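The block underneath contains the structure these notes are about, expressed in structure tokens.
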Amino acid sequence: MADDRRLNLDDDSDELTGNLLKDVQAAAEAVRQQRAAVKEEEKRAAAATKSKKQIGLLVVVGAFIVFLISYWIVFARPDNAPNQSVSRPASMQSQENPKVKISTPVTHSYSAPASAPAAGVQPAKDAQVVEHPTDEYEPPSGDAGM
């Protein structure tokens, strides 16, 4: 009975060798797939880095062009443009005298002469007269503070 429990390696060696060969081939295929995935990821990272560099370069070139244009507009304009003073606004630079004399109309008032008011009588308030408040400081009423 002791022989029945014993493992007979001679009979099972072909089967074990076949299983081991399949396992090694599967592991080798997994390593190949992993290397291909890593290689593809490195290609994507390199393309992204290249794209970022190109975008940065385009931004720098654009900023430089805008700087050159603004410099040319402010400082390097040709002098054949009309002289314009920086201190005066454009509307005041070329004021010409009018060719036709402009006269303003004169208004005549035909009201009756005002007589002096009697003593102690206040004159009537005109609707056009506006009384302005005093400039003195008045503290707010009813505010006890904090």
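Counting in the numbering used here, the sequence shown runs from -18 upward without gaps. Every residue, glycine too, gets a C-beta built ideally from N, C-alpha and C. Note that this is a predicted model, so its numbers are computed, not measured.
Nearest-angstrom Cα separation, counted from A17 out to K33: Position 52 of the sequence shown, counting from 1, holds the residue named residue 33. Position 36 of the sequence shown, counting from 1, holds the residue named residue 17. Going from the Cα of K33 to the Cα of A17 covers about 24 Å.
For G123, three-class secondary structure by DSSP: Within the sequence shown, numbered from 1, the residue matching residue 123 stands at position 142. It is coil, neither helix nor strand.
Rounded separation between V41 and R25 - CA only: Taking the first residue of the sequence shown as position 1, residue 41 is located at position 60. Taking the first residue of the sequence shown as position 1, residue 25 is located at position 44. The straight-line gap from Cα to Cα measures roughly 24 Å.
So, with DSSP's three-state summary, where would you put A83? For the purposes of this step, residue 83 is taken as residue 102 along the sequence shown, with counting starting at 1. This sequence places Ile at residue 83; Ala is not what is there. Correct three-state label for I83: coil.
According to DSSP, is F56 part of a helix, a strand, or is it coil? Within the sequence shown, the letter at position 75 stands for residue 56. Looking at F56 - three-state DSSP - the assignment turns out to be coil, as it is neither helix nor strand.
Return helix, strand or coil for A109, following the three-state DSSP convention. Position 128 of the sequence shown holds residue 109. According to the sequence shown, residue 109 is Gln rather than Ala. Coil at Q109, not helix or strand.
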